[in-house]
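Contents: one structure, followed by commentary.
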Amino acid sequence: MAAPTSPTWPVPQRTTNKVLFACWLAILAEGYDVGVLGAVLPALAEYREWGPLTPLQLGGLGSYALVGMLVGAMTIGTLSDRIGRKKMFLASVVIFTVTQLGAALAPTPEVFGLFRLLGGLGMGGIIPVAAALTIEYSAPKRRSFNYGLMYSGYSLGILVAALAAMILLPTLGWRWVVGLAALPVLLLPALAWIVPESLEYLMSKGRRAEAAALAGKLGIVPFHEGDWTQARPAGTGVRPVGWKESLGALFSRSYVRPTIFFWISLFCGMVLVYGLNTWLPAIMKKAGYDLGSSLTFLMIFSLASAIGGIVLGRAADIRGKKLILVVFYLLGGVGILLMMFPNNILVNYMFVALAGIGSISTSLVLTGWVAEYYPSHARATATGWALSFARIGAISGPLLGGWIGSMALPFQWNFVLFSIVALAAAAAVAFIPRVPAGDGPAAKAAGVAVSSTTTAS
């Protein structure tokens with residue numbers, strides 16, 4: 001998005017708040033869908049009608065939705081730029097809620113996995129669309145904060161899943177816990193009323209009259225078209241920037257090293273996020289805790305990460321993203337490793353909170369850094385490709401826990417391997433330059449935008 005031409009940000013705070021709230025609700029529902037499998041996994045492992053599922057089978061069930069998310073992030077994100085962000089926002093919510101009802105009623109684990117896979121399309125699609133809408137309608141000085149606030153819904157969704165499992169599992173069983181994920185579809189009329197179409201999208205399609213009319217309806221006064229037009233790289237004039245130019249920037253001389261290490265660090269971060277989300281209750285149950293206590297660990301993990309995402313986002317703006325990321329990936333790894341010991345339960349609660357901050361919260365800040373790091377014409381491409389590669393890590397996380405279980409290794413190996421992944425994430429971030437090399441064409445195209453957004457990083 002171009003720098004505002006208006007002396008003050010013209011979007012009324014009430015409009016920003018409505019968009020932020022709607023996106024937060026959608027991400028909250030998505031977080032529930034992601035976290036619910038980890039909450040019910042111990043019950044699925046003992047579900048007699050499906051026979052004893054092996055750890056690898058359980059890990060596979062955890063990865064089906066993530067495969068769908070990999071595809072959904074690319075396809076729905078791309079479609080949102082072609083047919084409208086609002087339409088794909090609503091379509092994503094329908095997909096990932098309705099399919100969870102199918103998973104709840106699944107007669108076999110294969111059908112369960114199929115519905116989780118289909119639901120993953122919507123889960124992956126809602127993330128880039130909600131992020132784009134949040135950033136678009138937020139004042140420039142509050143975009144990072146609003147981004148973190150919006151994404152706190154993800155961690156809170158995992159928390160709600162753990163609470164639902166604690167209440168419903170003992171009496172009604174896992175199907176009711178999964179089936180609750182379909183309820184947000186009832187919010188669709190309200191979301192359709194609250195969420196506006198993207199002004200950036202309308203302007204990109206040349207629908208200037210519609211954009212002006214929508215701006216008037218939203219109270220955006222004055223409406224300057226330049227505020228809603230994407231910046232172009234130097235030398236392209238008014239010619240639209242092609243995908244080859246955007247993709248080429250990622251692997252240019254100035255950006256190839258950051259691209260490699262951004263991808264590695266995000267890959268490791270997603271291994272932590274989805275591996276721990278899926279296996280934490282089961283691991284803690286093996287460590288000797290009862291099911292209720294094991295689910296409490298998941299609750300603390302998600303609550304700490306929700307708060308941590310907002311706090312770390314603010315700290316990164318002040319102290320620099322690179323420093324904060326390296327420190328908290330390391331602290332998260334220490335927290336994960338120390339959970340393997342028979343500590344007092346309150347001490348382990350502290351360690352699991354640190355693990356949540358050092359996995360979900362750090363990965364949130366890292367994603368925001370990717371979006372800021374690259375020149376404006378390549379930011380969406382850079383973020384999309386980085387997150388798509390990171391989805392492979394997300395798929396690998398549940399499988400890693402399943403592999404440890406299938407090898408009949410002591411449960412402590414989970415903590416050892418996940419802490420090594422956190423160490424690798426910190427090392428990869430350490431190799432990311434604070435600013436890209438300035439002697440390549442991509443860096444010159446970025447101009448002031450790069451220097452202004454990354455010098456503090």
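The opening residue of the sequence shown carries number 1 in the working numbering; numbering runs sequentially from there. A virtual CB, placed ideally from N, CA and C, is assigned to each residue, including glycine. This one's a predicted model, so the numbers in the text were calculated from it and none came from an experiment.
N- and C-terminal bounds of the alpha helix (DSSP H) containing residue i
i: Arg54; result: Sequence inspection shows Thr at residue 54; the Arg mentioned does not correspond to that position. Taken as a continuous stretch (DSSP letters only), Thr54 belongs to no alpha helix (DSSP H), as it is neither H nor E.
i: Val11; result: Per DSSP, Val11 belongs to no alpha helix (DSSP H) and is neither H nor E.
i: Val190; result: This sequence places Ala at residue 190; Val is not what is there. First-last of the alpha helix (DSSP H) with Ala190: 188 to 194.
i: Met203; result: 199 to 204
i: Val221; result: Per DSSP, Val221 belongs to no alpha helix (DSSP H) and is neither H nor E.
i: Gly335; result: 321 to 338
i: Gly179; result: 174 to 179
i: Ala425; result: 412 to 430
i: Ile345; result: 345 to 356
Inter-residue Cα distance where the pair is residue i and residue j
i: Tyr32; j: Phe112; result: 16 Å
i: Val326; j: Gly358; result: 10 Å
i: Val221; j: Pro12; result: 9 Å
i: Thr236; j: Val352; result: Model confidence at Thr236 stands at a pLDDT of 41, short of 50, so the residue's coordinates are unreliable and nothing is read from them.
i: Gly102; j: Ser80; result: 26 Å
i: Met74; j: Gly148; result: 22 Å
i: Arg319; j: Ala355; result: 21 Å
i: Leu409; j: Leu399; result: 14 Å
i: Asn277; j: Gly35; result: 6 Å
i: Leu172; j: Glu49; result: 15 Å
i: Arg14; j: Gly219; result: 9 Å
i: Ile76; j: Ile83; result: 10 Å
i: Pro109; j: Val256; result: 42 Å
i: Met203; j: Ala26; result: 25 Å
i: Val160; j: Phe262; result: 31 Å
i: Pro233; j: Met166; result: Because the pLDDT at Pro233 is just 43, under 50, the model does not fix this residue reliably, and the value given afterwards should be weighed accordingly. The alpha-carbon atoms of Pro233 and Met166 are separated by roughly 53 Å.
i: Met299; j: Leu346; result: 14 Å
i: Val94; j: Asn344; result: 43 Å
i: Leu364; j: Trp279; result: 21 Å
i: Arg208; j: Leu188; result: 28 Å
i: Leu28; j: Tyr154; result: 5 Å
i: Val435; j: Lys205; result: 33 Å
i: Leu114; j: Leu90; result: 22 Å
i: Pro184; j: Thr383; result: 28 Å
i: Asp317; j: Leu133; result: 21 Å
i: Pro433; j: Lys321; result: 11 Å
i: Gln100; j: Glu30; result: 11 Å
i: Ala215; j: Phe223; result: 7 Å
i: Leu330; j: Gly313; result: 17 Å
i: Val40; j: Ile310; result: 28 Å
i: Gly51; j: Ala106; result: 14 Å
i: Gly164; j: Ala181; result: Residue identity check: residue 164 is Ala in the sequence provided, not Gly. Each residue's Cα considered, the two are about 10 Å apart.
Proximity to residue i [Cα-Cα], best of the options
i: Ile307; options: Trp176, Leu156, Arg253; result: Leu156
i: Leu56; options: Trp413, Ile404, Phe418, Val416; result: Ile404
i: Tyr374; options: Phe411, Arg253, Ala427; result: Arg253
i: Ala282; options: Trp9, Leu25, Thr54; result: Thr54
i: Arg143; options: Trp9, Phe262, Phe297, Gly332; result: Trp9
i: Asn146; options: Phe389, Ile336, Asn17, Met407; result: Asn17
i: Ser334; options: Leu323, Leu423, Val370, Ala386; result: Looking at the sequence provided, one finds Val at residue 334 rather than Ser. Answer by Cα proximity: Leu423.
i: Tyr151; options: Trp413, Trp385, Leu168, Val129; result: Val129
i: Ala426; options: Gln412, Ile324, Ile167, Ala386; result: Ile324
i: Leu337; options: Lys321, Val421, Leu312; result: Val421
i: Arg175; options: Tyr47, Ala215, Met407; result: Tyr47
i: Leu70; options: Lys286, Arg116, Gln412, Ile360; result: Arg116
i: Asn414; options: Leu61, Ala182, Met340; result: Met340
i: Ile260; options: Ala430, Ile126, Pro107, Phe418; result: Ala430
i: Thr367; options: Asn348, Met350, Tyr349, Ser388; result: Ser388
i: Pro42; options: Glu210, Val177, Ala65; result: Val177
i: Met350; options: Val416, Phe297, Ile310; result: Phe297
i: Gly59; options: Phe418, Gly401, Met407; result: Gly401
i: Gly397; options: Arg85, Val67, Ala131, Val370; result: Val67
i: Ser63; options: Ala104, Leu118, Leu417, Lys217; result: Leu118
i: Pro258; options: Gly332, Ala386, Phe418; result: Ala386
i: Gly179; options: Val98, Pro342, Glu200, Glu210; result: Val98
Any chain C beta carbon closer than 7 Å to residue i
i: Ala43; result: Any reference to chain C falls outside this structure, which holds one protein chain only.
- Can at least three beta-carbon pairs, one atom from the segment 383 to 397 and one from the segment 257 to 273, be found at a separation below 8 Å? Segments in contact, yes.
- Query: Given 8 Å as the limit, is there contact between the segment 253 to 270 and the segment 113 to 125, that is, 3 or more CB pairs closer than that?
  - Reply: At 8 Å Cβ cutoff, the stretches do not touch.
- Query: With a cut-off of 8 Å, do at least 3 Cβ pairs link the segment 11 to 25 to the segment 181 to 197?
  - Reply: Three or more pairs of CB atoms, one per stretch, sit closer than 8 Å, so the segment 11 to 25 contacts the segment 181 to 197.
- Does the pairing of the segment 296 to 306 with the segment 126 to 139 give three or more beta-carbon distances under 8 Å? Touching, no.
- Message: Give the list of continuous alpha helix (DSSP H) stretches no shorter than 4 residues that lie fully inside the segment 59 to 138.
- Response: Counting only runs of 4 or more, we get 85 to 104, 109 to 136.
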